[in-house]
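Q:
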Amino acid sequence: MGVSARRISDDSLWGDDPENDSPALSPDSLLEGLTPPQRAAVVQRGGPLLVVAGAGSGKTRVLTRRIAHILATGDARPFEIMAITFTNKAADEMRHRVVDLVGEDAKNMWVSTFHSACLRMLRSHADVLGYERGFTIYDAGDAETAVDRIMKELNMDTKRISPRSVHSAISAAKNEMLSAARYRDSGHGDDPNHRRIAEIYALYEQRLKLANAMDFDDLLLNAVAMMRADADVLASYQRRFQYLLVDEFQDTNGVQNELVMMLAAQHRNLCVVGDSDQSIYRFRAADVRNILQFEQRFPDADVVLLEQNFRSTQTILDAANAVIAKNPSRHAKNLFTDKGFGDKIRLYRAGDEYDEGRWVATELRRARNDLGLSWNDMAVFYRTNAQSRVLEEEMLRAGVPYRVISGMRFYDRKEIKTALAYARLIVNPRDEASARRVINEPKRGVGEAAQAKLGVYAAEHGISFAESVNFAQAAGLTAKALQGADTFAFMMEQLRAMANDLSPREMIDAIVRDTGMGAALRAENSDEAFSRLENLGELASAAAQYETLMEFVERMALVADSDQLDGGAGAISMMTMHVAKGLEFPMVVITGLEETIFPHKRALADEAELEEERRLCYVGLTRAMKHLVLTQAWSRTMWGQRTDAIPSRFLAEIPPELMDDLSKTVPVRRAIFRDEDEGFVGRSSEFAQGRAFGSGAAPPVRSTGAENLNLSVGDRVVHDRYGFGTVTKTAGSGSGARATVNFDSHGPKQLMLAMTPLRRA
């Protein structure tokens, strides 16, 4: 990414081969323009390879050239290569690049995401686990709905423990390869919540199997289970894939790592590419140890370090290097570039979040006018989605066009999910989640009471909810509901018959027409309704790219958030730093660099979480190509309360000579400080409402005084909430002083002393 070398799809790459209708690829040509480490990664053969690819070091280029080189040297044929990455967008880019290099034959490779690869294997061999070929994939919403239904059947209070948190616990268990039984046994016997979640997990798995459905986690888990259950299936894939390449290996979880190890066990031609410094998905069960311990698992592995960055200026890289160097768990490296030092990093210290938003909007306009950047050259990052509200308000006020990435996706809109549910139910007649979504959409009189009766009948007779619709009279539905259920059952039968003859696009048109969706929206006769009809037309256009309805349904189930990003839009991009992973922009603004915001408050008492926050900062910094802007606020409203803020430790870790601190050169409008809960008071009450401080000057920060205790390791202290404890570690000084305290009743906590009600015991 970011490599400005010539394309290598011209005639100079091909040698003459009169014996073959297809041109023969010249292996040496594939090495042109590569750095020595990149070349080493491309030509390596004979065993495991770890490519430690720093941010912007051209890893996609290395991967695609390596694949092309393997093909050009005849070491493998296209169908003997599997390349795995994490997003559809990255997989499509890799596939297209290789096709450009070696021709159409490269389409016989497996280049896909983990989930797509597992789905492909399961479609062929799911019967090993007792599934039918047309099984449905439940997304997170379907899964949470199923969990919610089970909890209500068990008379559990869904307000005390939410279905989302229960599903999250089940998902985490699956990522650790724990079955419902093993999850039950892994908990403490006296933990009632753990026992109830284990019970829900077991019922949830039964419902999925009955509905011939799998959730996202199952795609990975069941692929591993399938190959463990059938040695012949495993052996066939091991023989087939002589070369296995995995991108973004630092983001793999336990199941994905196990899958990779199983597939590579025979040939051992495993190449993993990644960067421990960019492992930021711990909350999704990503385990950075997979890449950090790769050399322990393969002592004979070759290791190639890619440190030359082709994206950013040296100033930006020096800042990123300085921040990430504070993390102990990493592959040591130091990014460098030949692009020169470039501009200094611009730092603005705002009075509050409104001042921050106004200044950012002004800065973006300045960049457009003075630097000649277009709107889509610029991006604004923040740590949490909640920060976007004020930023959006100020963008609107300043007339700066913007789009929020990972807002409501096209495929999350109600009408789209409804149409896709119909399509899924056509492919899989046992799909409970889809049947429940559409049985009364549009309204047919099959309300909640009727659906409850169908659910009871299904449970009593051991059939799926979707199948119970065919027994509506036996289930005891009243006349109106019975008529609606019969209409629905007949309609689905007709649609399934049509699917044999119609294309996916024609089937979407038929669904909109024959289910009554289109008529209901037209009858509504509103701008919103017509917009929804246009969305359904766009869905039909999307379906036109596929040969079968099953293929279309599968692809829609695997669409990722980042796939919606359109680089051609004339607007700045606003997103969290997690979403920014893998992207790059000529100018990046990172906002909210304050303790408890970034790093997040959860990380202040957990060393592993703090390391991940620092990696996230590193990722954010290295998205910038030429211009980097950082902001912090001295005061911010959180959970309805205005609180004083302390600058992020990450700012202190960046060498000051790399930054232009704009706060030093602007006029200062001082606020009057008083100790009452009202907080800061400006020359008017405006600041108390979050509207003053146009200067960026630093108002006094309220402190607990604990930073002045001069604590040492071994000192006994007392906290207003945690009680007595012993200091085990200290760091920093002044307002940045920190301490780790092992509390007698609450264990170790990492504390920012100026914000902590702490005193000597």
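In terms of my numbering, the sequence shown has 553 at position 553, counting the first letter as 1, and numbering is strictly consecutive. Idealized CB from N, CA, C, for every residue including glycine. Since we're looking at a predicted model, the values are computed, not measured.
Please go through the same chain and pick out, in chain order, the residues whose beta-carbon is closer than 8 Å to the beta-carbon of Q314, but skip the five residues on each side of it.
A: Looking up residue 314 in the sequence shown gives position 314. So the list reads F336, T337, K339, G340, F341 and G342, once near-sequence residues are dropped.
Q: Going by alpha carbons, who is nearest to A41 out of L245, R182, A225 and D142?
A: Working through the sequence shown from its first residue, we reach residue 41 at position 41. Residue L245 is the option with its Cα nearest to A41.
Q: Quick one: grab the DSSP three-state call for R99.
A: Taking the first residue of the sequence shown as position 1, residue 99 is located at position 99. One detail in the question is off: residue 99 reads as Val in this sequence, not Arg. In this structure, V99 counts as helix in the three-state DSSP scheme.
Q: Please report the straight-line C-alpha distance between H331 and N321, rounded to a whole angstrom.
A: If you number the sequence shown from 1, residue 331 lands on position 331. If you number the sequence shown from 1, residue 321 lands on position 321. The alpha-carbon atoms of H331 and N321 are separated by roughly 12 Å.
Q: Is DSSP giving I508 helix, strand or coil here?
A: Residue mapping note: residue 508 aligns to position 508 of the sequence shown, counting from 1. I508: helix per DSSP, three-state reduction.
Q: Which value, in whole angstroms, describes the spacing of the CA atoms of I511 and M517?
A: For the purposes of this step, residue 511 is identified with residue 511 of the sequence shown, where counting begins at 1. For the purposes of this step, residue 517 is identified with residue 517 of the sequence shown, where counting begins at 1. In a straight line, the C-alpha of I511 is about 8 Å away from that of M517.
Q: Is A41 helix, strand or coil by DSSP?
A: As a working mapping, residue 41 is identified with position 41 in the sequence shown. It is helical.
Q: For the putative contact between L610 and P599, defined by C-beta atoms under 8 Å, what is the C-beta separation to the nearest angstrom?
A: Taking the first residue of the sequence shown as 1, we reach residue 610 at position 610. Taking the first residue of the sequence shown as 1, we reach residue 599 at position 599. Indeed, because the Cβ distance is near 6 Å, the residues count as touching under 8 Å.
Q: Using 8 Å as the threshold, is the region 726-742 in touch with the region 707-716, meaning 3 or more CB pairs across them?
A: Because the criterion of three Cβ pairs below 8 Å is met, the region 726-742 and the region 707-716 touch.
Q: Am I right that M574 and I646 are in contact with their C-beta atoms under 8 Å? What's the rounded C-beta distance?
A: In the sequence shown, counting from the first residue as 1, residue 574 sits at position 574. In the sequence shown, counting from the first residue as 1, residue 646 sits at position 646. That pair is no contact at about 25 Å.
Q: How is G340 classed by DSSP in three states: helix, strand or coil?
A: The sequence position of residue 340 within the sequence shown is 340, counting from 1. It is coil, neither helix nor strand.
Q: Quick check on DSSP: helix, strand or coil for I439?
A: Numbered from its first residue, the sequence shown carries residue 439 at position 439. In the structure shown, I439 sits in coil (DSSP, three-state: anything other than H, G, I, E or B).
Q: Can you check DSSP and say which residues form a bridge with Y243?
A: Locating residue 243 in the sequence shown gives position 243, where the first residue counts as 1. BP columns for Y243 point to I81.
Q: Could you round the C-beta distance between D247 and Q44 to whole angstroms and report it? I think they count as a contact, below 8 Å.
A: For the purposes of this step, residue 247 is identified with residue 247 of the sequence shown, where counting begins at 1. For the purposes of this step, residue 44 is identified with residue 44 of the sequence shown, where counting begins at 1. Contact flag wrong, Cβ pair sits at about 16 Å.
Q: Whole angstroms are fine: how far does the CA of T740 sit from the CA of G47?
A: Counting from one through the sequence shown, the residue named residue 47 turns up at place 47. Counting from one through the sequence shown, the residue named residue 740 turns up at place 740. About 44 Å.
Q: Do you know how far the Cα of W359 is from the Cα of L373?
A: In the sequence shown, counting from the first residue as 1, residue 373 sits at position 373. In the sequence shown, counting from the first residue as 1, residue 359 sits at position 359. Those two C-alpha atoms are separated by around 17 Å.
Q: For D100, tell me which candidate among A68, W110 and K89 has the shortest Cα-Cα distance.
A: Position 100 of the sequence shown, counting from 1, holds the residue named residue 100. Measuring from the Cα of D100, the nearest candidate turns out to be A68.
Q: If distances are taken between C-alpha atoms only, which option among N428, N440, Q545 and N535 comes closest to R496?
A: Along the sequence shown, one-based indexing puts residue 496 at 496. Taking only the C-alpha atoms, the option nearest R496 is N428.
Q: Ordered along the chain, which non-local residues of its own chain (more than five positions away) have a Cβ less than 7 Å from that of N222?
A: On the sequence shown, position 222 is the one that residue 222 refers to. L122, L129 and M214, listed in sequence order.
Q: Three or more beta-carbon pairs under 8 Å between the region 622-637 and the region 341-356, yes or no?
A: These segments touch.
Q: Given this structure, state the Cα-to-Cα distance separating F471 from R424, to the nearest angstrom.
A: Walking along the sequence shown from the start, residue 471 turns up at place 471. Walking along the sequence shown from the start, residue 424 turns up at place 424. One C-alpha to the other measures close to 21 Å.
Q: Within 10 Å of its beta-carbon, does N108 have 16 or more other beta-carbons around it, so buried, or fewer, so exposed?
A: Here residue 108 corresponds to residue number 108 of the sequence shown, with the count starting at 1. With fewer than 16 Cβ atoms within 10 Å of its Cβ, N108 is classed as exposed.
Q: By Cβ distance, which residues of its chain are closer than 6 Å to A173, with the 5 residues on each side in sequence left out?
A: What you label residue 173 is simply residue 173 of the sequence shown in a count that begins at 1. Correct list, in chain order: Y183.
Q: For my contact list, R615 and I280 are in at a C-beta cut-off of 8 Å; report their separation, rounded to the angstrom.
A: Residue 615 sits at position 615 when you count from the first residue of the sequence shown. Residue 280 sits at position 280 when you count from the first residue of the sequence shown. With a Cβ gap of about 5 Å, R615 and I280 count as contacting.
Q: Rounded to a whole number of angstroms, what is the C-alpha to C-alpha distance between H719 and A761?
A: In the sequence shown, the residue the question calls residue 719 occupies position 719. In the sequence shown, the residue the question calls residue 761 occupies position 761. If you take the alpha carbons of H719 and A761, they lie about 9 Å apart.
Q: Please classify T85: is it buried, with 16 or more other beta-carbons within 10 angstroms of its beta-carbon, or exposed?
A: Your numbering for residue 85 matches position 85 in the sequence shown. Label assigned to T85: buried.
Q: Just checking: is the beta-carbon of P599 within a distance shorter than 8 Å of some beta-carbon in chain C?
A: The structure shown contains no chain C; it holds only a single protein chain.
Q: In three-state terms, what does DSSP make of R7?
A: Locating residue 7 in the sequence shown gives position 7, where the first residue counts as 1. Caution applies to R7, whose pLDDT of 26 falls short of 50 and renders its modelled position unreliable; the value that the coordinates give is listed next. In the structure shown, R7 sits in coil (DSSP, three-state: anything other than H, G, I, E or B).
Q: With DSSP run on the structure shown, which of helix, strand or coil describes V668?
A: Start at 1 with the first residue of the sequence shown, and residue 668 comes out as number 668. With a pLDDT of 35 at V668, under the threshold of 50, the predicted position of this residue should be treated as unreliable, though the coordinate-derived value follows. The answer is coil: DSSP assigns V668 none of H, G, I, E or B.
Q: Report the rounded CA-to-CA distance for V765 versus A450, giving the unit in angstroms.
A: With the chain covering 1 to 761 only, the question about residue 765 has no answer from this structure.
Q: Which value, in whole angstroms, describes the spacing of the CA atoms of A762 and S712?
A: Summary: the structure shown does not reach residue 762, with the chain confined to residues 1 through 761, and so no result is reported for it.
Q: DSSP three-state call for G763: helix, strand or coil?
A: Residue 763 is absent from the structure shown; the chain starts at 1 and stops at 761.
Q: G357 to V589, Cα distance in whole Å?
A: Within the sequence shown, numbered from 1, the residue matching residue 357 stands at position 357. Within the sequence shown, numbered from 1, the residue matching residue 589 stands at position 589. Cα to Cα, G357 sits roughly 11 Å from V589.
Q: Can you tell me whether A754 is buried or exposed? The criterion is at least 16 other CB atoms within 10 Å of its CB, across all chains shown.
A: The sequence position of residue 754 within the sequence shown is 754, counting from 1. Result: buried.
Q: Is DSSP giving D217 helix, strand or coil here?
A: Reading the sequence shown from its first residue, position 217 is the one you call residue 217. Correct three-state label for D217: helix.
Q: Can you tell me which of the three DSSP states H296 falls into?
A: Against the sequence shown, residue 296 aligns to sequence position 296. Note that residue 296 is Gln in the sequence shown, not His. Here Q296 sits in helix by DSSP.
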